[in-house]
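Chains as they are written, first to last, in the numbering used here: chain A, 7 to 165; chain B, 7 to 165.
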DNA sequence: CGTCAGTAGTTGAATCGTCAAGGAGCTGGT
DNA sequence: ACCAGCTCCTTGACGATTCAACTACTGACG
């Protein structure tokens, strides 16, 4: 006995689906054109550029960029070939690898950031009122909570 | 002189970005597991199933599914191999092709729909109040308007 | 009519992502 | 000490997507 969507939900879903299909494509296209970067690659480089010592553990980076470890591993290999990232062994854990942003890599993010931010502003925030920005945050946070089965959130405390 | 994002915008953007990365992946994964379908493939089949005579022009279908013509063409070839869709020449326009949903294809969408809808409800609508659903619709519609450079919208009328 | 720009769609090469398998290192119980 | 099982990460094969031609047709203009 499927609970179908109401008309309002259906309408909202079609718009949301459109956003999830079109917005990433639009950002990809801008980044690809102006900086030769994937949206995912940009995000990874950005996360590295903000990190202390511009370095992060692979798994941490994968989680921050919302991608699988495998995807990240392949990407980092490509970025390494271009000389934007370097891999190092983790001191504390012999299994771990640390991705380090090189100076050349840093220059790439810094060069790509303004155009990307401009595009995000143009496509998203210029279209919204401040109240809507707030609402968007809350809505997306609620959805993300469902998507990321984080260790917190379950009801009662386990001993 | 880049106009950077305010803190509120930044927060909202991170959540929205997370949704655009995680939600499609989650839906893909459910559809792939339970029906052997891509989200895009599901959407295309769904659009066909709603159409009069279960048939649509390729370009119309591409627009409805928010994908490129090339992407659709490749997909339809794969769907054709599985016997879920058939290509026909358009009567009115010799260049055009019409994609037609076969009975087998119809059965596939009908079988996949309940699980998919359940997942959408679980991940999105169960997390939101009715007010938020309404707000989500308006927000996404505003963004989509920026993304789809529709022929209307420009300011003054051209003769 | 012929031609020429524009539209509809397909194709193939190259890129990117996923999935399943595997190497290598840590950790806890005995 | 050992070994079973776990975590971290990489790899290779495969599938899906993009990008840039390319074919085939239409419609307008002289």
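Where a beta carbon is used, it is the ideal one built from N, C-alpha and C, also for glycine.
(message) Which residue wins for smallest C-alpha separation from residue 82 of chain B, given the options B/127, B/48, B/134 and B/59?
(response) The shortest CA-to-CA distance from residue 82 of chain B to any of B/127, B/48, B/134 and B/59 is the one to B/48.
(request) Work out the CA separation of residue 45 of chain B and residue 111 of chain B for me, nearest whole Å. (result) Each residue's Cα considered, the two are about 15 angstroms apart.
(request) May I ask which residues mark the beginning and end of the beta strand (DSSP E) holding residue 61 of chain B? (result) Per DSSP, residue 61 of chain B belongs to the beta strand (DSSP E) from 61-63.
(message) Cutting at 8 angstroms between CB atoms, please list the residues of its own chain near residue 117 of chain B, excluding the five before and the five after it.
(response) The answer, listed in chain order, is 41.
(request) With residue 88 of chain A as the anchor, note down where its alpha helix (DSSP H) starts and where it stops. (result) Where residue 88 of chain A is concerned, there is no enclosing alpha helix (DSSP H), given that its DSSP letter is neither H nor E.
(message) Classify residue 15 of chain B: buried if its beta carbon has 16 or more other beta carbons within 10 angstroms, exposed otherwise.
(response) Under this definition residue 15 of chain B is a buried residue.
(request) Show which residues of chain A have a CB atom less than 8 angstroms away from the CB atom of residue 14 of chain B. (result) The answer, in chain order, is 136, 139, 140 and 143.
(message) What does the alpha-carbon distance come out to for the pair residue 20 of chain A and residue 53 of chain A?
(response) The straight-line gap from Cα to Cα measures roughly 31 angstroms.
(request) Pick out the complete alpha helix (DSSP H) segments inside the segment 33-84 of chain A, 4 residues or longer, and give them in chain order. (result) Within the segment 33-84 of chain A, the complete alpha helix (DSSP H) runs of at least 4 residues are 45-56 and 64-70.
(message) Helix, strand or coil for residue 147 of chain A? Go by DSSP, reduced to three states.
(response) Of the three classes helix, strand and coil, the one that applies to residue 147 of chain A here is helix, per DSSP.
(message) Please give me, in chain order, every unbroken run of the beta strand (DSSP E) with length at least 3 that falls completely inside the segment 96-136 of chain A.
(response) Runs found: 103-107.
(message) With H, G and I counted as helix, E and B as strand and the rest as coil, what does DSSP make of residue 26 of chain A?
(response) Residue state, collapsed to three classes: helix.
(message) So residue 75 of chain B contacts chain A; which residues on that side make the cut at Cβ distance below 8 angstroms?
(response) Counting only Cβ-Cβ distances below 8 angstroms, residue 75 of chain B has no contacts in chain A at all, with the closest Cβ about 14 angstroms away.
(message) Using a Cβ-Cβ cutoff of 7 angstroms, what residues of the segment 12-43 of chain B are near chain A? List them in chain order.
(response) Under the 7 angstroms Cβ criterion, the segment 12-43 of chain B contributes 14, 15, 17, 18, 19, 21, 22, 24, 25, 26, 27, 28, 29, 30 and 32.
(message) For residue 11 of chain A, which residues in the same chain have their Cβ closer than 7 angstroms to its Cβ, ignoring the five residues on either side in sequence?
(response) Contacts found: 19.
(message) For residue 160 of chain B and residue 91 of chain A, I'd like the C-alpha separation in whole angstroms.
(response) Residue placement at residue 160 of chain B is poorly supported in this model, since its pLDDT is 38, which falls under 50; the coordinates are not used for a value here.
(message) Closer than 7 angstroms between beta carbons: that is the criterion. Which residues of the segment 75-103 of chain A meet it against chain B?
(response) Within the segment 75-103 of chain A, no residue has its Cβ closer than 7 angstroms to any Cβ of chain B.
(request) Kindly indicate which residue of B/64, B/26 and B/137 has the alpha-carbon position closest to the one of residue 106 of chain B. (result) If we check each option's Cα against that of residue 106 of chain B, B/64 comes out closest.
(request) Under the assumption that residue 29 of chain A contacts residue 153 of chain B (Cβ atoms under 8 angstroms), give the Cβ distance between them as a whole number of angstroms. (result) At roughly 6 angstroms, the Cβ-Cβ gap stays under 8 angstroms, so residue 29 of chain A and residue 153 of chain B are in contact.
(request) Taking residue 150 of chain A as the query, report the chain B residues whose CB atoms sit under 8 angstroms from its CB, ordered along the chain. (result) Near residue 150 of chain A (Cβ distances below 8 angstroms), the residues of chain B are 21, 24, 25 and 28.
(message) I want to verify the contact list: residues of chain B whose CB lies under 7 angstroms from the CB of residue 56 of chain A, in sequence order.
(response) Under the 7 angstroms cutoff, chain B gives no residues; its nearest Cβ is about 12 angstroms from residue 56 of chain A.
(message) I want to verify the contact list: residues of chain A whose CB lies under 7 angstroms from the CB of residue 63 of chain B, in sequence order.
(response) In chain order: nothing, as chain A lies at least about 20 angstroms away.
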